[in-house]
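Chains as they are written, first to last, in my numbering: chain U, 1 to 209; chain X, 1001 to 1209. The structure appears below as structure tokens.
2 protein chains.
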Amino acid sequence: MKAYKIPEATVMRLSIYSRYINQLQNEGIETISSGQIAEGVGVSSAQVRKDLAYFGEFGTRGVGYKVGELYGHLMKILGLDRRWNVIIIGAGKLGSALALYQGFFDRGFEICAVLDDDEKKIGTRLGDITIEPLEVLKERVKERDIKVGVVAVPAAHSQDVTDKLVAAGVKAILNFSPRVIQVPLGVTLRNVDLSMNLEVLSYNLASNR
Amino acid sequence: MKAYKIPEATVMRLSIYSRYINQLQNEGIETISSGQIAEGVGVSSAQVRKDLAYFGEFGTRGVGYKVGELYGHLMKILGLDRRWNVIIIGAGKLGSALALYQGFFDRGFEICAVLDDDEKKIGTRLGDITIEPLEVLKERVKERDIKVGVVAVPAAHSQDVTDKLVAAGVKAILNFSPRVIQVPLGVTLRNVDLSMNLEVLSYNLASNR
DNA sequence: GACTGTGAAGCCATTCACAGCT
DNA sequence: AGCTGTGAATGGCTTCACAGTC
């Protein structure tokens, strides 16, 4: 799986496609065309075909794609043909919500640990997980081979926490704090900036079209 | 405020810039160059200048930008020189976390109501807010002039809830459910797909670079 | 006849590079 | 000398359009 340069937008859409295809699969549909996928997720059919073509020839001309097969390909491409262990730093409202979010588990992500530096939270439980102090970070990452870290702490601490995650050996970070953070080469970073999303809406409302 | 066609990426960056500039302002810094902003948020200086130039000439050649002035311009451009009333549908873990998220309030978004159809949740409180049934949607939107709706319900109900928000008169929707939803022209939609973000990380880990 | 896979064209965002101002 | 504002060049993603296949 070493295609040359795949647009990030393509990878994001593959994730969307995969969940739509999964939905179709559950409905018992067996074959689908790029046009139907396109309609289902709101893009053009050419886009769907181009995205898939980066990774191989999954369809049959004149027919379309077999739902089950395509789903398998997509999950493999996305690296979801295995489970990933995840650690969350920050057991505030957001961190707790993420820890309990069923959607992650359903897609193969297992929250192995939730850490916080607040004495009052340490020892309390979130579902099956007991909140632990930051000191156990390195240990948990090693013993559970955790590759993914989630940063759900206030902006002021996000860089500090990120550095610790990196030092512990985490290779991918999902940052929910509204602050730009730096990671070294070899570590992948994605930001989910909740305020930014609302502010883009605000912009659109204000420049009212 | 009716610039012709602004890239969405530009608007997203303006939101980032504005928070970085705010940070500088709090540190007492008075003047800043595009290069310094660029370094602070991780883009190129040309990008910063181009983004700002869509909206006017805010800087002084040879000098840079006055922090206070630029912040004012950015907030005005983003429509954050006023407060926006927001309604959240879904009082699960995520909806509750969003309702209590201080970051929204700090940027001018006020959560006016949280609705859910679960009898057990209705009547319970989230901070200052009492969870109410979906039936009050139209009433709340009217009386508080709510323009922004947040969808934090399971995928199966997201389109239904969205239709109700639109019918009630909401003009912008932030969707947290992992399902593609449709809105009519004149309503702005943004999606925050938590699983998608993790899956892009998974993709990057799997095609390991 | 229907639909995929794909080179070419089109379009849009980013980067370059420099004139213009302080 | 330093930095902004901007037309031109570049690069990259999306759309077009059609040959290839069933």
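The beta-carbon is built from N, C-alpha and C at its ideal position, and this holds for glycine as well. Since we're looking at a predicted model, the values are computed, not measured.
Counting only unbroken stretches of 4 or more residues, the alpha helix (DSSP H) elements lying wholly within the stretch 1083 to 1138 of chain X are 1093 to 1099 and 1102 to 1106, in sequence order.
Annotation: the continuous alpha helix (DSSP H) that includes Asn1022 (chain X) extends over Glu1008 to Asn1026. Taken in chain order, the members of the stretch 1164 to 1182 of chain X whose beta-carbon sits within less than 7 Å of a beta-carbon on chain U are Lys1171, Ala1172, Leu1174, Pro1178 and Val1180. Judged by DSSP in its simplified three-state form, Arg179 (chain U) adopts coil rather than helix or strand.
In summary, the residues of the stretch 1019 to 1051 of chain X whose CB is separated from some CB of chain U by less than 9 Å are Arg1019, Tyr1020, Gln1023, Gly1040, Val1041 and Gly1042, in the order they occur in the chain. Counting only the Cα atoms, Ser195 (chain U) lies some 6 Å from Phe1104 (chain X). At a cut-off of 8 Å between beta carbons, Thr124 (chain U) makes no contact with chain X. 8 Å or more divides the Cβ of Val1086 (chain X) from the Cβ of Val1151 (chain X). In the structure shown, Tyr65 (chain U) falls within a strand segment according to DSSP collapsed to helix, strand and coil. By the criterion of a C-beta distance shorter than 7 Å, Arg1083 (chain X) is surrounded in its chain by Gly1108 and Glu1110, once the five residues flanking it on both sides are discounted. By the Cβ test, the stretch 170 to 186 of chain U is not in contact with the stretch 118 to 131 of chain U, since fewer than three Cβ pairs between them sit closer than 8 Å. Around Ser202 (chain U), the beta-carbon contacts reaching into chain X at under 7 Å are Leu1078, Gly1079, Leu1080 and Trp1084. At a cut-off of 8 Å between beta-carbon atoms, Thr130 (chain U) makes no contact with chain X.
DSSP places Ala53 (chain U) within a helical segment (H, G or I) once states are collapsed to three. Under a criterion of Cβ atoms nearer than 8 Å, the residues of chain X adjacent to Arg107 (chain U) are, in order, Ser1195, Leu1198 and Glu1199.
DSSP places Leu1194 (chain X) within a helical segment (H, G or I) once states are collapsed to three. Neighbours of Val1192 (chain X) in chain U, taken as residues whose beta carbon is under 8 Å from its own, are Val192, Leu194 and Asn197 in chain order. Exposed is the label assigned to Asn26 (chain U), since fewer than 16 other Cβ atoms lie within 10 Å of its Cβ. In this structure Tyr1203 (chain X) is not in contact with Val48 (chain U), their Cβ atoms being roughly 17 Å apart against a cut-off of 8 Å.
Only residues of its own chain outside the window of five on either side were considered, and among them Ile16 and Tyr20 have a CB closer than 6 Å to the CB of Val41 (chain U), listed in chain order. Within chain X, the C-beta atoms nearer than 8 Å to that of Gly103 (chain U) come from Pro1178, Leu1194 and Ser1195, in chain order. The continuous alpha helix (DSSP H) containing Gly35 (chain U) extends over residues Ser34 to Val41. In this structure, DSSP gives Ile173 (chain U) an extended state, which the three-state scheme calls strand.
When DSSP states are grouped into helix, strand and coil, Leu1189 (chain X) belongs to the strand group. For Ser1045 (chain X), the CB contacts under 7 Å within the same chain, skipping 5 residues up- and downstream, are Ser1034, Gly1035 and Ala1038 in chain order. In the DSSP assignment, Val148 (chain U) falls within the beta strand (DSSP E) that extends over Val148 to Val151. Taking Ile1077 (chain X) as reference, the option from X:Ile1146, X:Gln1023, X:Leu1115 and X:Leu1052 with the minimal CA-CA separation is X:Leu1052. Inter-segment contact for the stretch 132 to 144 of chain U and the stretch 51 to 66 of chain U is absent: fewer than three beta-carbon pairs are separated by less than 8 Å.
If you draw a straight line from the Cα of Glu1008 (chain X) to the Cα of Leu201 (chain U), it comes to about 11 Å. Excluding the 5 residues flanking it on each side, Arg13 (chain U) has same chain C-beta neighbours closer than 6 Å at Asp51, in chain order. Excluding sequence positions up to five before and after Leu70 (chain U), its CB lies within less than 7 Å of the CB of Ile21 and Phe58, all in the same chain and listed in chain order. Interface residue (Cβ-Cβ distance to chain X less than 8 Å): Ser15 (chain U) is classified as such.
DSSP places Ser1207 (chain X) in no alpha helix (DSSP H); its state is neither H nor E. Setting aside the 5 residues that flank it on each side, His73 (chain U) is surrounded in the same chain by Phe58, each with a C-beta closer than 6 Å to its C-beta; the list follows chain order. A distance of 8 Å or more separates the beta carbons of Leu1189 (chain X) and Asn1208 (chain X).
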